[in-house]
Structure formats: C-alpha cells, structure tokens
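Take the position in the sequence shown, starting the count at 1, then add 570; the result is the number in the numbering used here.
Following: one structure in structure tokens, then a few remarks.
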Amino acid sequence: MKEKSFEPGRDNIVLIGMPGAGKSTLGIVLAKILCMDFVDADLLIQQSCDKSLQRLIDTLGPDAFLEIENQVLSEMSFDHSVIATGGSAIYSEPAMDHLSDIGRVVYLKISFDELKQRLADFSERGVVMRDGIGMSLRDLYDERLPLYEKYADITVDVNDLSITAAARKVAAALK
C-alpha cells in the first residue's frame with residue numbers, strides 16, 4: 571500500500587468505496603473533525619446535468635454516465651477538502667489518477683454482509699451496473715473490490731461502526 575503524506579496541491583482526502591459505505595455522510599463528519607471543506611462528487615454531477623444520478627443512468631446508460639463522472643472528477647480542483655466520490659469512480663483510471671494527484675485516497679471498506687444490510691434496495695440509488703440490471707449486488711462487490719484496493723493509499727475498515735466512530739478511525743489513519 572502506498573502511503574502519501576500531505577503535500578502542496580495534495581491536501582485533499584478522497585473517499586472511495588461501495589455505495590452505502592458512508593462516503594458522503596462520513597465525509598461531512600470527517601471534514602468537521604479535520605476542519606476541512608466537504609465536496610460530494612455525486613452532487614456535482616447532478617448539478618452539472620440537472621438530473622438525479624439514477625435518472626442519468628436510466629436515460630444515458632452506464633457508459634455515458636461513467637464518461638460524465640470521469641469528466642467531473644478529472645476536472646476537480648479543490649484544496650483542503652474531503653471529497654466523497656461515487657462508488658463507480660474507480661472505473662475511470664484518468665479520474666482516479668487525477669484524484670490521487672490532488673489528495674490521499676481513502677478506501678472505506680465494508681464487508682459484503684454489511685453492504686447487504688445497508689443497501690437492502692439499491693434500485694433508486696444511482697448505482698452503476700456495468701453489466702446491466704441482471705448484475706447482482708455480489709457481482710458488483712466482487713467486481714469493484716480489487717479496484718478500490720488498487721487505488722487506495724489508505725484502507726479503513728468501517729464495518730459495524732457508527733458514522734462518528736468511523737470518521738474518527740479515518741482521521742486517526744490519516745495521521
């Protein structure tokens with residue numbers, strides 16, 4: 571695992587992980603703990619297209635959505651911010667390379683069992699299924715896990731933790 575410290579131009583924290591891992595909610599708490607700004611990439615995508623993530627995926631299809639996501643992530647220019655990405659950010663190597671250039675990438679790891687509990691119904695959540703609607707949650711988990719591990723500078727297991735406890739664990743891992 572590559573460990574990077576804060577450097578000029580790399581003072582952001584980029585959260586990656588499965589849908590339901592807590593990237594957005596934990597990100598807000600983490601930003602407060604660390605006195606940083608908070609950016610939600612999914613909201614930036616929605617604002618730039620004036621549609622919900624699910625509507626974008628339904629209307630454009632997964633590949634076109636991933637192109638939009640890649641463009642938004644690749645153009646991000648923030649300082650001293652916690653950035654919550656969408657769970658599918660890891661499908662774009664250029665976007666992940668850019669995010670790695672501007673910050674430390676933290677993978678919020680949850681087990682498959684925890685994911686099932688948190689995402690009982692993910693049909694309206696804006697989850698990109700590259701292989702279509704026939705893809706199971708298990709298939710999605712198995713497909714994404716190696717990509718999260720590939721891009722992570724730091725991995726933090728957030729199973730069975732409250733949002734605040736998980737945010738504190740991430741803050742401690744960053745020191």
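Ideal Cβ positions, reconstructed from N, Cα and C, are used throughout, including at glycine.
Beta carbon of residue i nearer than 7 Å to that of residue j
i	j	result
Y711	I586	no
L596	I680	no
A722	T655	no
S651	V609	yes
E639	I660	no
I598	V676	no
M588	G673	no
L678	G592	yes
S644	P664	yes
Identified DSSP bridge partners for residue i
i	result
V586	First, the residue type needs correcting, since residue 586 is Ile and not Val in the sequence shown. According to DSSP, I586 bridges with Y677.
V726	L678
D607	S651
Where the alpha helix (DSSP H) through residue i begins and ends
i	result
D683	682-688
A743	733-744
D581	Premise fails: D581 is in no alpha helix (DSSP H) and is neither H nor E.
S594	593-604
Unbroken beta strand (DSSP E) run spanning residue i, endpoints
i	result
D612	From DSSP, D612 is part of no beta strand (DSSP E) but of the alpha helix (DSSP H) over 611-619.
Integer-rounded CB distance, given that residue j should sit under 8 Å from residue i
i	j	result
V642	S622	Not really, about 15 Å apart at Cβ, beyond 8 Å.
V728	A736	4 Å
I603	R738	7 Å
G590	L689	4 Å
D671	R580	7 Å
F682	R714	Their Cβ separation, rounded to whole angstroms, is 11 Å, which puts F682 and R714 out of contact at 8 Å.
>> Report the start-end ranges of each beta strand (DSSP E) in the segment 632-679 that is 3 residues or longer and not cut off at the edges.
In response: As far as the segment 632-679 is concerned, its whole beta strand (DSSP E) runs of at least 3 residues are 651-654, 673-679.
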